[in-house]
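**Q** Heads up: take any position in the sequence shown, counting from 1, add 475, and you land on the working numbering.
Can you read through this structure? Questions will come right after.
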Amino acid sequence: MRKFIFLFVVGLLFLNACKSSVESEQRTWKNSVQNIEKLKTQYPSLAKILDVKLQDAQKIYKEAEGISDEKQKMDKMAEANKVLDNQFIRDLSSIEYKIKGIEKEMEKISKKKFSKASLSKINDGMQKASDLISSVKNHLSQSADETALAGILRTDVGDLISMESKLRTLAKSK
């Protein structure tokens, strides 16, 4: 029985620790704004889209700052944070990491020796990976509306994930 009570109390403490608060929403806000600023520097052609997102979120956040009720304030801050944490922003934030993963796999492959039978397949895979990276970078260098770009990015992220997996498989071949 004591064990059950102990686990119950620990569980309640854990749930409370994970619960959102004004402070956690403020931290999330700060990190999200820093991320947007980084993305604007990284992808200047998308700065306009990112500025609009940031301005929309800032309006909501400013409203939250004027609310005295803790719960309502937290909810409004969460709403502002959600504007800066949608699928488009997450995809954009992950592109660089995914490209680096592919480049790392390509580097591993380029250092290995392969049989003549595998060489054609390896070269083809490496070329496809290079073409994909160029295509993704091209998409990110063009300005487009968010809706069109969001669909393109979603596809690009999926393609990058798939390519990294294919390169890992190629790296294992002899």
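Cβ atoms here follow ideal geometry from the backbone N, Cα and C, with glycine treated the same way.
Can you tell me the Cα-Cα spacing of residue 560 and residue 527, whole angstroms?
**A** As a working note, residue 560 is residue 85 in the sequence shown. As a working note, residue 527 is residue 52 in the sequence shown. C-alpha separation (whole angstroms): 14 Å.
**Q** Between 515, 525, 589 and 578, which has its C-alpha nearest residue 638's C-alpha?
**A** Against the sequence shown, residue 638 aligns to sequence position 163. Selected option, being the one with the closest Cα: 578.
**Q** Roughly how many angstroms separate the alpha carbons of residue 581 and residue 601, rounded to a whole number?
**A** Translated into positions along the sequence shown, residue 581 becomes position 106. Translated into positions along the sequence shown, residue 601 becomes position 126. Rounded to whole angstroms, residue 581 to residue 601 spans 7 Å at the Cα level.
**Q** Whole-angstrom Cβ separation of residue 615 and residue 518, contact assumed at under 8 Å?
**A** Residue numbering aside, residue 615 sits at position 140 when the sequence shown is read from its first letter. Residue numbering aside, residue 518 sits at position 43 when the sequence shown is read from its first letter. Confirmed, about 5 Å.
**Q** Classify residue 520 as buried or exposed, calling it buried when 16 or more other Cβ atoms lie within 10 Å of its own Cβ.
**A** Translated into positions along the sequence shown, residue 520 becomes position 45. The residue is exposed, with fewer than 16 neighbouring Cβ atoms inside 10 Å.
**Q** Residues in its own chain within less than 6 Å of residue 583 by CB, not counting five upstream and five downstream?
**A** Here residue 583 refers to the residue found at position 108 when the sequence shown is read from its first residue. Cβ neighbours of residue 583 beyond the five flanking positions: 646.
**Q** Can you tell me which of the three DSSP states residue 606 falls into?
**A** Within the sequence shown, residue 606 is the residue found at index 131, counting from 1. Helix, per DSSP.
**Q** Within its chain, find whatever has a CB closer than 7 Å to the CB of residue 621; leave out the 5 residues flanking it on each side and keep chain order.
**A** Here residue 621 corresponds to residue number 146 of the sequence shown, with the count starting at 1. For residue 621, where only same-chain residues beyond five positions count, the Cβ hits under 7 Å are 524 and 563.
**Q** Taking the alpha carbon of residue 546 as the reference point, which residue from 613, 565, 495 and 514 has its own alpha carbon closest?
**A** Residue numbering aside, residue 546 sits at position 71 when the sequence shown is read from its first letter. Selected option, being the one with the closest Cα: 495.
**Q** Whole angstroms are fine: how far does the CA of residue 604 sit from the CA of residue 610?
**A** The residue given as residue 610 occupies position 135 in the sequence shown. The residue given as residue 604 occupies position 129 in the sequence shown. About 10 Å.
**Q** By the three-class DSSP mapping on this structure, what secondary structure does residue 590 have?
**A** For this step, residue 590 is matched to residue 115 along the sequence shown. In the structure shown, residue 590 sits in coil (DSSP, three-state: anything other than H, G, I, E or B).
**Q** Name the two residues that bound the continuous alpha helix (DSSP H) containing residue 640.
**A** To locate residue 640, count along the sequence shown from 1; it is residue 165. It spans 621-647 - the alpha helix (DSSP H) in which residue 640 sits, taken as one unbroken run.
**Q** What is the DSSP secondary structure of residue 509, counted as helix, strand or coil?
**A** Reading the sequence shown from its first residue, position 34 is the one you call residue 509. Helix at residue 509.
**Q** What is the rounded straight-line gap between the Cα of residue 491 and the Cα of residue 608?
**A** Position 16 of the sequence shown, counted from the first residue, corresponds to residue 491. Position 133 of the sequence shown, counted from the first residue, corresponds to residue 608. Low per-residue confidence applies at residue 491: pLDDT is 48, beneath 50, and the placement is therefore not dependable, though the value from the model is reported in the following sentence. Computed Cα separation, rounded: 44 Å.
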